[in-house]
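Protein chains in written order, with this note's numbering: chain A, 1 to 302; chain B, 303 to 604.
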């Protein structure tokens with residue numbers, strides 16, 4: 001496989017297996033696309049789907065998925081804990097191999113335009129594809145949710161990028177865009193004092209002057225089986241090439257040291273691109289001349 | 303691609319491009335096999351070829367390669383700095399994905415038997431495929447080289463595993479066997495004193511009581527362009543799951559500290575399986591619960 005683009009759409013159905021499977025069949029039945037994973041959350045009433053392929057097959061699968069979801073999912077009857085604005089709520093495209101974020105921006109525009117035309121669902125371009133700064137952030141686009149969207153799109157600054165100002169009556173609107181792969185990364189501390197985790201999260205996150213492309217919060221974790229408590233610095237690394245994981249590890253360590261606190265272990269949640277980890281190995285091992293592209297065996301196989 | 307086995311045979315021709323290309327064409331023309339790399343050394347008069355595929359296609363390619371090399375390469379006329387005993391000198395099989403060293407041992411026996419039958423070249427099974435302890439080590443099998451082999455195979459303990467005691471008149475004999483992927487790994491020190499590198503190499507290598515599956519030597523390196531001198535600990539990590547790279551890094555660091563010496567950088571030479579590096583990232587980042595098989599994105603694509 002030469003070029004690899006990953007898409008991780010969220011659909012607003014996490015309970016009705018028939019509907020979920022019918023949507024996922026659209027991915028399974030697209031040549032050149034590989035379904036990697038899907039996982040439903042009943043309380044969120046939402047399913048995350050992960051698939052990969054080259055630009056052309058991801059385009060096909062993505063448009064077909066939205067058409068099927070718009071046909072089967074009725075937002076006027078949807079309830080769940082997670083905020084949502086569309087039958088397919090959000091559809092990111094991530095560059096994995098032999099393509100750039102810019103290629104994924106291009107793809108998002110092609111797919112967004114086709115979704116508006118073929119499924120009748122208006123589309124906001126978000127993240128790296130955003131056409132206005134306030135549209136980079138999905139949370140801002142989604143504010144008001146499905147129920148408030150018919151009104152919101154009438155506002156000057158909230159005209160969708162494709163499909164005009166009339167929302168789909170049952171499938172709402174959706175966000176499509178390019179973004180780098182994200183790594184969900186937690187660091188556990190040998191203290192029960194959640195304030196330490198909160199202070200450190202505050203130091204490392206971009207929002208409060210920390211590292212670019214790091215989102216972070218401090219949590220108190222209670223282990224279900226043992227009842228053991230500890231504080232955790234929970235991070236979303238939204239661009240591991242901009243801010244590599246090791247930089248967060250080392251910073252959390254030296255900030256925790258002020259309180260006599262240590263990192264007991266770290267956790268990576270879900271999938272992680274190999275480069276995010278190999279970059280860290282190179283740092284710690286001082287393997288500075290290593291050429292990821294040509295020297296990692298698997299890069300010759302992918 | 304489900305199962306991936308890698309083969310890295312060395313053929314005894316590093317000068318005649320026509321012969322080299324004809325041999326490599328046998329790999330190129332085998333369905334299911336991918337040629338990753340080949341590189342010739344004129345002074346060694348030897349070419350290293352790297353290809354991958356599933357067991358069946360690697361078997362096909364490997365047998366075809368030996369037949370072609372036996373046809374075109376005449377050891378009675380071969381000269382070069384590197385010791386050799388056959389037209390194809392050595393043919394290792396390495397488990398890369400969804401297969402074990404044991405699967406590669408099986409493959410080596412199938413291929414070895416076919417080579418004896420179809421190319422008329424007697425085969426020694428070596429490394430993990432060895433049928434006697436003294437045959438694990440290629441150097442011991444090859445001792446006496448092509449010129450001494452007709453006599454050597456008459457000795458009680460040196461009957462080839464396949465093909466009997468009559469060597470091929472121009473293609474000699476060869477070694478076939480399974481081994482884990484090897485990582486060539488150097489650590490540069492901020493001293494010109496090669497004795498420090500030699501002492502450390504002595505401590506870490508298996509032969510002298512150090513880590514299992516580590517071969518190591520101390521060298522003095524003179525940079526060609528700058529004339530800068532430094533000592534280097536040069537390692538062959540013959541099984542990075544047995545002894546991971548980080549263990550060598552940390553040991554070299556603390557042993558060098560005795561002399562006030564530091565590691566300035568490390569080098570990985572050639573290809574390296576991603577797991578050798580990701581294992582190190584996990585160590586340094588304390589990502590202890592990370593599941594390489596399911597959590598590395600690329601493992602779902604390979």
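Here a beta-carbon is modelled for each residue, glycine too, at the ideal position from N, C-alpha and C.
Exercise. Check whether the Cβ of residue 69/A lies closer than 9 Å to any Cβ atom in chain B.
Key: By one-based count along the first chain, residue 69/A stands at place 69. Taking Cβ atoms only, chain B never reaches closer than 9 Å to residue 69/A, which makes this a no.
Self-check item: Cross-chain neighbours of residue 53/A in chain B, by beta carbon under 8 Å
Solution: As a working mapping, residue 53/A is identified with position 53 in the first chain. Simply none; closest approach about 10 Å.
Quiz item: Between 458/B, 513/B and 452/B, which lies nearest to residue 476/B when the distance is taken from Cα to Cα?
Solution: Here residue 476/B corresponds to residue number 174 of the second chain, with the count starting at 1. For the residues 458/B, 513/B and 452/B, the minimum Cα distance to residue 476/B belongs to 452/B.
Practice problem: Would you mind telling me which residues of chain B sit closer than 7 Å to residue 263/A, beta carbon to beta carbon, in chain order? | Solution: Here the question's residue 263/A lines up with position 263 in the first chain. Simply 588.
Practice problem: Give a yes or no on whether 9 Å exceeds the smallest Cβ distance from residue 583/B to chain A. | Solution: If you number the second chain from 1, residue 583/B lands on position 281. It does: the Cβ of residue 583/B has a partner Cβ on chain A nearer than 9 Å.
Quiz item: Less than 9 Å separating the beta-carbons of residue 12/A and residue 49/A?
Solution: Here residue 12/A refers to the residue found at position 12 of the first chain. Here residue 49/A refers to the residue found at position 49 of the first chain. Taking C-beta atoms as the reference points, residue 12/A and residue 49/A fail to come closer than 9 Å.
Quiz item: Interface residues of chain B around residue 96/A at Cβ under 9 Å?
Solution: Looking up residue 96/A in the first chain gives position 96. Ordered by position in chain B, the residues that pass the 9 Å Cβ test against residue 96/A are 599, 600 and 603.
Self-check item: Proximal residues to residue 584/B (C-beta, below 6 Å), its chain only, five neighbours per side dropped
Solution: Start at 1 with the first residue of the second chain, and residue 584/B comes out as number 282. Only 592 meet the Cβ criterion.
Self-check item: When 365/B, 377/B and 327/B are compared against residue 348/B, the one with the closest alpha-carbon
Solution: The sequence position of residue 348/B within the second chain is 46, counting from 1. Looking at the Cα atoms, 377/B is the closest of the given residues.
Exercise. Compare the C-beta of residue 303/B with all C-beta atoms of chain A and state if any pair is closer than 9 Å.
Key: Reading the second chain from its first residue, position 1 is the one you call residue 303/B. Residue confidence is low: residue 303/B scores 48 on pLDDT, short of 50, so the model does not pin down where it sits. Its coordinate-derived value is still stated next. Closer than 9 Å to some Cβ of chain A, the Cβ of residue 303/B qualifies, so yes.
Quiz item: Do the region 89-97 of chain A and the region 152-171 of chain A touch if we need at least three Cβ pairs shorter than 8 Å?
Solution: no
Quiz item: Looking at residue 522/B and residue 533/B, is the spacing between their C-beta atoms short of 9 Å?
Solution: In the second chain, residue 533/B corresponds to position 231, counting from 1. In the second chain, residue 522/B corresponds to position 220, counting from 1. Yes.
Practice problem: Could you work out which residue in 166/A, 134/A, 131/A and 137/A is closest to residue 148/A when comparing CA atoms only? | Solution: The residue you call residue 148/A lines up with position 148 of the first chain. Of 166/A, 134/A, 131/A and 137/A, the residue nearest in Cα terms is 166/A.
Quiz item: Residues in its own chain within less than 7 Å of residue 433/B by CB, not counting five upstream and five downstream?
Solution: If you number the second chain from 1, residue 433/B lands on position 131. Within the same chain, residue 433/B has close Cβ partners 427 and 463.
Quiz item: Which residues in chain B sit within 7 Å of residue 266/A, going by Cβ to Cβ distance?
Solution: What you label residue 266/A is simply residue 266 of the first chain in a count that begins at 1. Chain B residues near residue 266/A: 587, 588 and 589.
Quiz item: Closest Cβ-Cβ distance between residue 272/A and chain C: below 9 Å?
Solution: Here the protein chains are A and B, and chain C is not one of them.
Quiz item: Over what stretch of residues does the beta strand (DSSP E) that includes residue 391/B continue unbroken?
Solution: For this step, residue 391/B is matched to residue 89 along the second chain. Residues 390-399.
Self-check item: Cut-off 7 Å between Cβ atoms - residues of its own chain near residue 141/A, not counting five sequence neighbours on either side
Solution: Looking up residue 141/A in the first chain gives position 141. For residue 141/A, where only same-chain residues beyond five positions count, the Cβ hits under 7 Å are 124, 126, 135 and 175.
Self-check item: Inter-residue spacing [alpha-carbon to alpha-carbon] between residue 284/A and residue 586/B
Solution: Along the first chain, read from residue 1 onward, the residue named residue 284/A stands at position 284. Along the second chain, read from residue 1 onward, the residue named residue 586/B stands at position 284. If I take the Cα positions, the gap works out to 7 Å.
Quiz item: When you check each C-beta in the region 220-253 of chain A against every C-beta of chain B, which residues fall closer than 8 Å?
Solution: 245, 246 and 249
Quiz item: Cα separation between residue 498/B and residue 506/B?
Solution: Counting from one through the second chain, the residue named residue 498/B turns up at place 196. Counting from one through the second chain, the residue named residue 506/B turns up at place 204. Those two C-alpha atoms are separated by around 13 Å.
Exercise. Give the straight-line distance between the Cα atoms of residue 34/A and residue 21/A, rounded to the nearest whole angstrom.
Key: Your numbering for residue 34/A matches position 34 in the first chain. Your numbering for residue 21/A matches position 21 in the first chain. Near 15 Å, if we compare the C-alpha coordinates of residue 21/A and residue 34/A.
Quiz prompt | residue 306/B at chain A interface by Cβ criterion, 9 Å | solution = To locate residue 306/B, count along the second chain from 1; it is residue 4. So, interface residue.
Quiz item: Of all the CB atoms in chain B, is at least one closer than 9 Å to the CB of residue 27/A?
Solution: The residue labelled residue 27/A in the question sits at position 27 within the first chain. No, no contact with chain B.
Quiz item: Among 539/B, 319/B and 329/B, which one has its Cα closest to the Cα of residue 311/B?
Solution: In the second chain, counting from the first residue as 1, residue 311/B sits at position 9. Nearest option by C-alpha distance: 329/B.
Practice problem: Express the C-alpha separation of residue 460/B and residue 1/A in angstroms, rounding to a whole number. | Solution: Locating residue 1/A in the first chain gives position 1, where the first residue counts as 1. Locating residue 460/B in the second chain gives position 158, where the first residue counts as 1. Because residue 1/A carries a pLDDT of 48, less than 50, the predicted location of this residue cannot be relied on, and no value is offered for it.
Quiz item: Taking residue 122/A as the reference, which of 70/A, 301/A, 137/A and 144/A has the closest Cα?
Solution: As a position in the first chain, residue 122/A is number 122, starting the count at 1. Checking every option, the nearest Cα to that of residue 122/A belongs to 70/A.
Quiz item: Taking Cβ to Cβ, would you say residue 356/B is nearer than 9 Å to residue 306/B?
Solution: For the purposes of this step, residue 356/B is taken as the residue at position 54 of the second chain. For the purposes of this step, residue 306/B is taken as the residue at position 4 of the second chain. Yes. Within cutoff.
Quiz prompt | Contacts of residue 592/B in chain A (Cβ-Cβ under 7 Å) | solution = By 1-based counting over the second chain, the position of residue 592/B is 290. Result: 268.
Quiz prompt | 9 Å Cβ cutoff, residue 117/A in contact with chain B | solution = To locate residue 117/A, count along the first chain from 1; it is residue 117. It does not; no Cβ of chain B falls within 9 Å.
Quiz prompt | Sub-9 Å separation of residue 185/A and residue 250/A beta-carbons | solution = In the first chain, residue 185/A corresponds to position 185, counting from 1. In the first chain, residue 250/A corresponds to position 250, counting from 1. Cβ distance not < 9 Å, so residue 185/A and residue 250/A don't count as in contact.
Quiz prompt | Beta-carbon proximity check, residue 543/B vs residue 577/B, cutoff 9 Å | solution = Numbered from 1 along the second chain, position 241 holds the residue referred to as residue 543/B. Numbered from 1 along the second chain, position 275 holds the residue referred to as residue 577/B. Yes.
Self-check item: Delimiting residues of the alpha helix (DSSP H) encompassing residue 104/A
Solution: Here residue 104/A refers to the residue found at position 104 of the first chain. It spans 101-119 - the alpha helix (DSSP H) in which residue 104/A sits, taken as one unbroken run.
Quiz item: Expressed to the nearest angstrom, what Euclidean distance is found between the alpha-carbon atoms of residue 42/A and residue 81/A?
Solution: Counted from its first residue, the first chain places residue 42/A at position 42. Counted from its first residue, the first chain places residue 81/A at position 81. Distance between the alpha carbons of residue 42/A and residue 81/A: 9 Å.
Quiz item: Whose C-beta lies closer than 6 Å to the C-beta of residue 398/B among residues of the same chain, with five residues either side of it excluded?
Solution: Locating residue 398/B in the second chain gives position 96, where the first residue counts as 1. Hits under 6 Å: 306 and 308.
Quiz item: Name the chain A residues whose beta carbon is nearer than 8 Å to that of residue 580/B?
Solution: In the second chain, the residue the question calls residue 580/B occupies position 278. Neighbours of residue 580/B on chain A, chain order: 274, 277, 278 and 281.
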